[in-house]
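Here's the structure we're looking at; comments come further down.
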Amino acid sequence: MYYTSIVIVILSNIFYHIFQKSISQEVNPFISLFVTYLMSLFACIVIMLFQCHTGELNFSNLLTNFKGLNWASYGLGFVIVGLELGFLLAYRAGWNISIAALTTYIIVALLLLPIGVFIYNEGISSLKIMGILLCLSGLFLINK
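Next up, the structure:
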């Protein structure tokens, strides 16, 4: 599952940006987001029904799972709207699909690094510092 999860993220990100870039300019962004989240809800319901069929999920542990949710699941719901809206507006403003994602992901990675170190006690090495410098160089070069 270690590598499978990353493959899912990579493939989903590729299609995410292709679909975002393909959304009609004439459609209100929030209507588009509404339909996006309806489809996400539908997909989650179908997957949960499949899990009920296989025995992974039942009414009893469904309630337990809902009770086990914390603030992060609710906060993520709000943050995702900003993420989706930001990319949609960036593409409408003319950002290239090859540059917008790369620019934002490099900046996010650079900003998450100190969060990982200081909040989650993740280590930092000289190799990671060299990676940071390469990211900054790359960010400079791709936006020239």
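First residue of the sequence shown: -18, per our numbering; consecutive thereafter. For each residue, glycine too, the CB sits at the ideal point set by N, CA and C. In this text, all values refer to a predicted model and were calculated from it rather than measured experimentally.
Cβ-based burial, residue i [other Cβ within 10 Å; buried from 16]
i, result
"Leu44", "exposed"
"Tyr72", "buried"
"Phe40", "exposed"
Selected residue, minimal CA-CA separation from residue i, among the options
i, options, result
"Leu64", "Thr17, Gln32, Val8", "Thr17"
"Asn102", "Leu94, Leu108, Lys109", "Leu94"
"Leu115", "Ala90, Val8, Ile26", "Ala90"
"Leu14", "Leu66, Tyr(-17), Thr35, Val98", "Leu66"
Nonlocal neighbours in the same chain, by C-beta distance under 6 Å from residue i, ignoring five residues either side
i, result
"Lys2", "Tyr72, Ile78"
Same chain, Cβ closer than 7 Å to residue i, neighbours up to 5 away in sequence not counted
i, result
"Asn9", "none"
Close-in-space but distant-in-sequence residues of the same chain around residue i (CB under 8 Å, 5 per side omitted)
i, result
"Ile88", "Leu120"
"Ile123", "Ile80, Leu83, Thr84"
Residue ranges of each alpha helix (DSSP H) run of no fewer than 4 residues wholly in the segment 60 to 101, ordered along the chain? The segment 60 to 101 contains these whole alpha helix (DSSP H) runs: 78 to 99.
Tell me the start and end of each unbroken alpha helix (DSSP H) in the segment 17 to 66 that is at least 4 residues and wholly inside, in chain order. Taking only runs of at least 4 residues, the alpha helix (DSSP H) segments lying wholly in the segment 17 to 66 are 40 to 48.
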